[in-house]
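Chemist:
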Amino acid sequence: MAGYFGQQDGTAAVYGLISLAIVLIAWATVSARAARYSVTVPVALLLAGLLLAVGDEPAVRLDLASPAMQHLLQATLALVLFTDATEISLRRLREAGHLPLRLILIALPLTVAAGFLLGVALFPLAGAWVLALVAAALAATDSSLAAVLVHDRRIPHDLRTAVTVESGLNDGLAAPLVLAFLAAAVAADHDRQAGQVLGQTVREIAFALVVGVLVGGAAARLLRAARKRGWSTARAERLAYLAIALLAFEAAHAVHGNGIVAGFVAGMAVRAVDQDLPEAHLQTAHDVVGLLAAGVWFLFGSLIPQVIGDVLNWRIVLYAVLSLTLVRMLPVAASLIGLRRFKREVLLLSWLGPRGLPSVIFALIALQQLTGPPAALVAALVMATVLLSVLAHGLSAVPIAERWTDPRSRVPAAERT
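Numbering (our numbering), first residue to last: 88 to 504.
(1) Roughly how many angstroms separate the alpha carbons of T504 and L409, rounded to a whole number?
(2) Looking at V469 and L225, is the spacing between their C-beta atoms short of 9 Å?
(3) Under 8 Å by Cβ, that's how I've got L220 and L269 pegged, so tell me the actual separation to the nearest angstrom.
(4) Comparing C-alpha positions only, which one of R490, V447 and A488 sits nearest to T163?
(5) In the DSSP assignment, the alpha helix (DSSP H) including E432 goes from what residue to what residue?
(6) Three or more beta-carbon pairs under 8 Å between the segment 290 to 297 and the segment 334 to 350, yes or no?
(7) Using a Cβ distance threshold of 8 Å, determine whether the segment 458 to 468 contacts the segment 238 to 247, with at least three qualifying pairs required.
(8) Ignoring anything shorter than 4 residues, give me the alpha helix (DSSP H) runs that lie fully in the segment 373 to 426, in order along the chain.
(9) For Y102, name the three-state secondary structure that DSSP assigns.
(10) When the Cβ atoms of the segment 297 to 315 are set against those of the segment 259 to 269, are three or more pairs found closer than 8 Å?
(11) Which first and last residues belong to the alpha helix (DSSP H) in which Y328 is found?
(12) If you drop the 5 nearest sequence neighbours on each side, which residues of the same chain put their C-beta closer than 8 Å to that of L133?
(13) Could you spell out the range, first to last residue, of the alpha helix (DSSP H) harbouring G344?
(14) Nearest by alpha-carbon distance to G425: which of I109, L138, L186 and E174 is it?
(15) How long is the line joining the alpha carbons of V357 and E324, rounded to whole angstroms?
(16) Out of R427, R428 and Y406, point me to the one whose CA is closest to A471's CA.
(17) Going along the chain, which residues of its own chain have a beta-carbon closer than 8 Å to the beta-carbon of V375, five neighbours each way excluded?
(18) Measuring CA to CA, which of A462, L439, G459 and P445 is closest to A488?
(19) Can you say whether H343 is buried or exposed, counting buried as having 16 or more other CB atoms within 10 angstroms of its CB?
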C-alpha cells in the first residue's frame with residue numbers, strides 16, 4: 088500500500104486545497120442546472136478528484152498516513168455522526184412508527200451478516216476479521232445521496248422519515264463494530280492476540296460513551312437554560328453546538344477513548360436533553376460537515392485510480408452489485424414482515440440504502456492501519472461499492488420520484504407484504 092501513503096511535502100497539500108476550492112466554486116455556478124440531470128455534489132467532487140489524479144504525474148496526491156490526516160478524518164466522521172444524531176428527535180421517531188426500529192434492530196445486523204457471508208463466498212482466502220470489517224462499513228447508509236427522494240413529498244412521509252432516521256442512527260451504531268473488527272484485523276495482520284486488542288477497543292468505546300453523555304448532556308442543558316433566559320444569541324449557539332462535537336471528540340482522545348463514538352453519543356445526548364432545539368442552531372455544524380464532506384469526496388475520487396484500478400476484478404464488481412441489492416434488500420424485506428406494507432414501499436425502502444460518506448471514511452481509516460492484501464481488499468470493496476452507489480442512487484433518485492404514485496388508495500390489500 089505504499090502507493091497510497093507516499094511521503095509528500097507541504098506543496099502537495101496546498102495544491103490539493105487549491106484544487107478543491109476551485110472545484111467548489113465551479114460547482115456553485117452550475118449546481119442548480121446539474122441537479123436537473125441528477126448530478127449530485129458527491130458525483131461532481133469525486134469525478135473532479137478522479138480527473139486530477141489520473142496520469143503519471145497526478146495533480147492531487149495526499150499522504151493518508153500522516154498523523155494530521157488521520158486525526159482530520161476521524162474528526163470529520165465524529166462531526167458527521169454528531170450532526171446525524173442531533174436530527175433524530177422523539178417526534179421524528181413517533182412519526183416513523185415501527186419502521187426505523189425494525190430497520191435498525193433487525194435489518195442492520197442481518198445486513199452485516201449477509202455482507203460477511205458474501206465476502207466469505209467470494210474471497211475465501213481473506214481473513215474473517217477483514218471481511219467482517221467490510222460488511223460493517225458497508226452496512227452504514229447515507230441518505231444524503233438520495234436527498235431528492237428523501238425530501239420529495241410524493242413519497243409517503245413515514246417512508247421518508249424512516250430512511251432519515253435509519254441513516255442518522257445506523258452509521259453511528261455501525262461505528263463500534265467497524266472499530267472492533269478493524270482492531271482485530273490489525274492484530275491478525277501483526278500476529279497479535281485479537282482478544283487483547285478487542286478488550287482495549289471495548290474500553291475505548293466505554294470511555295467514549297461516558298464522555299459523549301457527559302459533554303453532550305451538560306452542554307445541552309447549559310445552552311437550553313441560557314436560551315430560555317435570553318442570555319444567548321442564535322449566532323453564538325451555532326458555534327457552541329459545533330464546539331460540543333469537537334469537545335466530545337478531543338476529550339475522548341484525552342482519556343484514551345474513541346472520539347468517533349463520543350461524537351455520535353454527544354449528538355444523541357444533545358437531542359435527548361433539548362427536544363425543542365431549533366434546527367437553525369445546528370446550521371454551522373452542518374455547514375462545516377458539508378465542507379469536510381466535500382474534501383472527503385474529492386479525496387475519494389483522487390484515490391480511485393490507485394485503489395480500485397490496481398485490483399479491480401469480477402469478484403469485486405459482483406460484491407459491490409450484490410451489496411447494494413440482495414445484501415441490503417433481503418434483510419430490509421425480512422425486517423418488515425408483518426407490517427403489511429405495499430410491495431412498492433418495501434422495494435423503495437430496500438433500495439434507499441445508499442453507501443456514502445461514513446463508509447468512505449471507515450475505509451480511509453482502515454487504510455491507515457492495515458497493510459498489504461488486507462488493506463487492498465478493504466479499500467477496493469468499500470470504494471467500488473460506494474462508487475457504484477453514488478452513481479446508481481444519485482442518478483435514479485429523480486426518475487423514481489417522478490414515476491412514484493402512492494399505491495395506498497388504489498391497490499388491493501392482497502398486494503401488501
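Positions of the beta carbon are idealized from the N, C-alpha and C atoms, including for glycine.
Modeler: To lay it out plainly:
(1) Reading the sequence shown from its first residue, position 417 is the one you call residue 504. Reading the sequence shown from its first residue, position 322 is the one you call residue 409. Confidence in T504 is poor, its pLDDT being 46 and thus under 50, which makes the residue's placement unreliable; the coordinate value appears in the next sentence. When rounded, the distance between both Cα atoms is 23 Å.
(2) On the sequence shown, residue 225 is found 138 positions in, with the first residue counted as 1. On the sequence shown, residue 469 is found 382 positions in, with the first residue counted as 1. Yes, these two residues count as a Cβ contact at 9 Å.
(3) For this step, residue 220 is matched to residue 133 along the sequence shown. For this step, residue 269 is matched to residue 182 along the sequence shown. With a Cβ gap of about 5 Å, L220 and L269 count as contacting.
(4) Counting from 1 along the sequence shown, the entry for residue 163 is found at position 76. With distances taken between Cα atoms, T163 lies closest to V447.
(5) Working through the sequence shown from its first residue, we reach residue 432 at position 345. First-last of the alpha helix (DSSP H) with E432: K430 to W438.
(6) yes
(7) no
(8) 401 to 411 and 413 to 422
(9) Within the sequence shown, numbered from 1, the residue matching residue 102 stands at position 15. It is helical.
(10) no
(11) One-based indexing of the sequence shown puts residue 328 at position 241. Its alpha helix (DSSP H) spans residues A321 to A341.
(12) Your numbering for residue 133 matches position 46 in the sequence shown. The answer, listed in chain order, is W384, F385, F387, G388, I391, L474 and V477.
(13) What you label residue 344 is simply residue 257 of the sequence shown in a count that begins at 1. Neither: G344 is in no alpha helix (DSSP H) and is coded neither H nor E.
(14) As a first step, residue 425 must be located in the sequence shown, where it is residue number 338. Considering only alpha carbons, the answer is L186.
(15) Residue mapping note: residue 357 aligns to position 270 of the sequence shown, counting from 1. Residue mapping note: residue 324 aligns to position 237 of the sequence shown, counting from 1. In a straight line, the C-alpha of V357 is about 13 Å away from that of E324.
(16) For the purposes of this step, residue 471 is taken as residue 384 along the sequence shown, with counting starting at 1. That would be Y406, whose Cα lies nearest to the Cα of A471.
(17) Counted from its first residue, the sequence shown places residue 375 at position 288. Counting only Cβ-Cβ distances below 8 Å, and skipping sequence neighbours, we find L166 and L329.
(18) Taking the first residue of the sequence shown as 1, we reach residue 488 at position 401. Comparing Cα-Cα distances from A488 to each of A462, L439, G459 and P445, the minimum goes to L439.
(19) For the purposes of this step, residue 343 is taken as the residue at position 256 of the sequence shown. The residue is exposed, with fewer than 16 neighbouring Cβ atoms inside 10 Å.
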